[in-house]
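Accompanying notes for the structure given below.
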Amino acid sequence: MRLVLVDRCEQARRNFYPLSLNRPIWELRCGFSSLAEKLTGKIGAQDVAYFVPDYMADAYRAQRGGAVNDLSALAGDDLLILDGRVKADALDIACAGSSEVGVDAEGGVVYARIAKNDLPGLDAEDIDGFISSAKAKLTNVKCSYAKWEYTWDMVLANPEQITADFAAAGRSGIEGTIDEPGAILGSKKDVYIASGARVHPMVVIDAEHGPVYIEEGVEIHPFSRVEGPCYIGKNSILLGAKCREGNSIGPVCRVGGEVEESIIHGHSNKYHDGFLGHAYVGEWVNLGALTTNSDLKNDYSSVSVILDGRRGIDTGSTKVGSLIGDHAKTSIGTLLNTGSYVGAMTIIMAMGKPLPKYIPSFAWFIEGVVTKGFGRRKLYETAKTTMSRRGGKWTEAEEAMWEEIFQITAPQRKKAVAKGRKVMMARR
Amino acid sequence: MATVEERVKTVTAQVLKLSADEIKNEDNFTADLGAESVQSIELVAMFEEEFEIEMDEDAALSVETVGNAVEFIASVCKEQGVEVEE
Chain C
1 MRLVLVDRCE QARRNFYPLS LNRPIWELRC GFSSLAEKLT GKIGAQDVAY
51 FVPDYMADAY RAQRGGAVND LSALAGDDLL ILDGRVKADA LDIACAGSSE
101 VGVDAEGGVV YARIAKNDLP GLDAEDIDGF ISSAKAKLTN VKCSYAKWEY
151 TWDMVLANPE QITADFAAAG RSGIEGTIDE PGAILGSKKD VYIASGARVH
201 PMVVIDAEHG PVYIEEGVEI HPFSRVEGPC YIGKNSILLG AKCREGNSIG
251 PVCRVGGEVE ESIIHGHSNK YHDGFLGHAY VGEWVNLGAL TTNSDLKNDY
301 SSVSVILDGR RGIDTGSTKV GSLIGDHAKT SIGTLLNTGS YVGAMTIIMA
351 MGKPLPKYIP SFAWFIEGVV TKGFGRRKLY ETAKTTMSRR GGKWTEAEEA
401 MWEEIFQITA PQRKKAVAKG RKVMMARR
Chain W
1001 MATVEERVKT VTAQVLKLSA DEIKNEDNFT ADLGAESVQS IELVAMFEEE
1051 FEIEMDEDAA LSVETVGNAV EFIASVCKEQ GVEVEE
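Here the protein sequences come in this chain order: C and W.
Position 333 of the first sequence, counting from 1, maps to 333 under the numbering used here, and the rest follow consecutively.
The numbering used here runs 1000 ahead of the 1-based position in the second sequence.
Here is the structure:
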């Protein structure tokens, strides 16, 4: 059986911007791992194919390897085609069985289990047509599997997911080094420190309210406090961090200051003091010293987030921090409002005031307004430099993908730049 | 209608808080007129507004002198079909 993950619905993908601009939704993380790892683990799939938006297919293939937007993956084996937004925990599809298509209340295809024998009768010119054809020709069943709807769903689910992932991993104990003096609060059964990880002196690991999982090669510097549930990914460094509950960090991150209930993708840095709470941070991000986000409004009302540059979406939660896209960089002293959206490839030069809640991708926020700044090529140069410092590589495929993203995000950026121009003109 | 040169000098003077009379074509924006990097971005933005054109950031920000800016903007105006007084 081949698992085929599909992420082609543009409308659904927008709910995960800016993080989904340059990755399929299943590469978002919650708990210890990505949504893809959870889905493939739950299904037990060895053979996985991926269908992503065309503009990111080459970059994703270069990054991940394997079958990406490869129509030959729709032949030769039984298939389980699955919407990549389905929550793995809820999934209980039998991999073997007669062909059937799971359809949600809106008529969308959530999954399609297709026996090899039924494949020749389906239209396989493209993945979207293939799925439509399966829906039209095979048995339909009603299906109500829960799906991830927005990025902040993962942030809010993260503490529970870490706890569940810790239990599933089945590891505990100290395989790495803990320098004395230090303290572990709670049961050591709720702590795992992998081989090659080092916890320096004067560090408190508090597992009283949830497990703490520290991966290989992690270094936790003195005067850090790590509260569970918490997951620290491989080769990350905590620098005197107040790492509050519910964080998933790394791999290869540098994190200091106060961080609470946040998900930080690989190779991102928040080296210095400043508070980050209920935030979702993409890859290759750098948050300058004292960058701080609000995650709670003064009136304790639910937080709204603007994803399209126009309308706020009520998250239904009183605690939502920032969504920060890949390669974003903030200057010292950046203040992010509750439920802020910081686009991918964005440069923030703060002015001491809270920023607007929506900063589009590829924007240069300078002197209090969104500008075109030094342009996207300068951003690519910076991205290249950033990646090379950590052994990453900026590829032609990646640049081509970002060029498409530049076009996709142009309308919101143009609007914000025009607004900024009015402010500039008024200052003259 | 003012010429491209006059309009470039007026915008430059406004952004850099100078007198337009003091600005010469051979002046370098940074070395002679003291433009900082942030002001360079503002200059490009204000030239685009003044002439109702869109400039490539890399090309625009590589222009060093006022005279070169006049030539560059005149050529962009021509390319984009914007009528100006040469």
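Built from N, CA and C at the ideal position, the CB exists for glycine as well.
Residue(s) in a DSSP beta bridge with residue i
| i | result |
| --- | --- |
| residue 364(C) | 347(C) and 371(C) |
| residue 354(C) | 335(C) |
| residue 249(C) | 232(C) and 264(C) |
| residue 33(C) | 30(C) |
| residue 183(C) | 204(C) |
| residue 1004(W) | Residue 1004(W) is not bridged to any residue. |
| residue 258(C) | 242(C) and 275(C) |
| residue 287(C) | 330(C) |
| residue 2(C) | 47(C) and 79(C) |
| residue 312(C) | 306(C) |
| residue 198(C) | 177(C) and 219(C) |
C-beta neighbour in chain W for residue i, strict 9 angstroms
| i | result |
| --- | --- |
| residue 127(C) | no |
| residue 330(C) | no |
| residue 374(C) | yes |
| residue 420(C) | yes |
| residue 377(C) | yes |
| residue 371(C) | yes |
| residue 489(C) | The question about residue 489(C) has no answer, for chain C in this structure spans 1 to 428. |
| residue 387(C) | no |
| residue 8(C) | no |
| residue 364(C) | yes |
| residue 425(C) | yes |
| residue 413(C) | no |
| residue 349(C) | yes |
| residue 428(C) | yes |
| residue 417(C) | yes |
Status (buried if at least 16 other CB within 10 Å, exposed otherwise) for residue i
| i | result |
| --- | --- |
| residue 310(C) | exposed |
| residue 341(C) | buried |
| residue 300(C) | exposed |
| residue 263(C) | buried |
| residue 95(C) | exposed |
| residue 220(C) | buried |
| residue 14(C) | exposed |
| residue 428(C) | exposed |
| residue 69(C) | buried |
| residue 1042(W) | buried |
| residue 142(C) | exposed |
| residue 270(C) | buried |
| residue 423(C) | exposed |
| residue 1116(W) | The structure shown does not extend to residue 1116(W), since chain W is modelled only from 1001 through 1086, so no value can be given for it. |
| residue 54(C) | exposed |
| residue 90(C) | exposed |
| residue 201(C) | exposed |
Beta carbon proximity, residue i to chain C, threshold 9 angstroms
| i | result |
| --- | --- |
| residue 1045(W) | yes |
| residue 1080(W) | no |
| residue 1076(W) | no |
| residue 1018(W) | no |
| residue 1015(W) | yes |
| residue 1023(W) | no |
| residue 1032(W) | no |
| residue 1041(W) | yes |
| residue 1058(W) | yes |
| residue 1038(W) | yes |
Beta-carbon spacing of residue i, residue j below 9 angstroms
| i | j | result |
| --- | --- | --- |
| residue 345(C) | residue 400(C) | no |
| residue 241(C) | residue 218(C) | no |
| residue 84(C) | residue 5(C) | yes |
| residue 275(C) | residue 286(C) | no |
| residue 162(C) | residue 193(C) | no |
| residue 1084(W) | residue 1011(W) | no |
| residue 28(C) | residue 152(C) | no |
| residue 260(C) | residue 278(C) | yes |
| residue 61(C) | residue 397(C) | yes |
| residue 372(C) | residue 413(C) | yes |
| residue 140(C) | residue 86(C) | no |
| residue 233(C) | residue 19(C) | no |
| residue 186(C) | residue 164(C) | no |
| residue 212(C) | residue 191(C) | yes |
Minimum Cβ-Cβ distance from residue i to chain A less than 9 angstroms
| i | result |
| --- | --- |
| residue 1083(W) | Here chain A cannot be found, since the structure's protein chains are C and W. |
Original post:
If you scan the stretch 107-150 of chain C from start to end, which runs of the alpha helix (DSSP H) of 4 or more residues do you find wholly inside it?
Top reply: 127-137
**OP:** For the stretch 1026-1060 of chain W, list the beta strand (DSSP E) runs that are entirely contained and at least 3 residues long, ordered along the chain.
**Re:** none
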